[in-house]
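Residue numbers (full-length UniProt numbering): 1 to 231.
Note that CB positions come from ideal geometry on N, CA and C, so glycine has one too.
These figures come from a predicted structure and were not determined experimentally.
So the structure is just underneath, and the comments pick up after that.
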């Protein structure tokens, strides 16, 4: 499945889950929430979450033991802030450095044109001194611009140090999503209608090696489970 169709599938499951969560109870039903609609809505949300995690390769990440997890929104906002800061530094540095390089290019072209159109052997001493003086000034200016460009490149390189931190934050968010997926799968399994999952498969999923909430289920097991439940 390509990226476009994969995202469409995820979006459809999310929309179905949301729509079901917003469906009012039937007039002739109980006044409480409709358990069947809630169950189906939850199932579509789990399918969308699982497909999203599978697409980014999160199904291979081991759960990280931790007692405290800041909210995923806070982590992602921090990642966005760090990325924006680095992008602003790079853009500002390039904007400040580009005119220096453009000036060097312009003056270089001028000197090349002047030297190529004149017979240096026919120039007077005063004219030669003028060319040498301007050439010396240009060399000093070029050196200054080169040093400024070197510093700018260093600043750009240093601005990329956010990648290590954001990478760690994103991995923790993925781990949090993975745990959420496991918890939702556990709810689906526990609340599944009779006969939706074989007794042995349900027992294997809820207890022992590979249990939801214990050792991570592999992608095939989750796909099979969701398919058995009709999602």
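Using alpha carbons as the reference points, say which of the options lies closest to residue i.
{"i": "residue 87", "options": "160, 149, 151, 43", "result": "160"}
{"i": "residue 103", "options": "180, 153, 143, 185", "result": "143"}
{"i": "residue 242", "options": "90, 176, 40", "result": "There is no way to answer for residue 242, as the model of the chain reaches only from 1 to 231."}
{"i": "residue 77", "options": "176, 128, 170", "result": "170"}
{"i": "residue 185", "options": "163, 113, 227", "result": "227"}
Can you tell me which of the three DSSP states residue i falls into?
{"i": "residue 239", "result": "Lying outside 1 to 231, the shown extent of the chain, residue 239 is not represented and no answer is given."}
{"i": "residue 118", "result": "coil"}
{"i": "residue 161", "result": "coil"}
{"i": "residue 124", "result": "coil"}
Can you tell me the Cα-Cα spacing of residue i and residue j, whole angstroms?
{"i": "residue 148", "j": "residue 223", "result": "56 Å"}
{"i": "residue 108", "j": "residue 136", "result": "13 Å"}
{"i": "residue 96", "j": "residue 40", "result": "56 Å"}
{"i": "residue 111", "j": "residue 128", "result": "13 Å"}
Indicate whether residue i and residue j have their beta-carbon atoms separated by less than 7 Å.
{"i": "residue 166", "j": "residue 79", "result": "yes"}
{"i": "residue 173", "j": "residue 75", "result": "yes"}
{"i": "residue 82", "j": "residue 145", "result": "no"}
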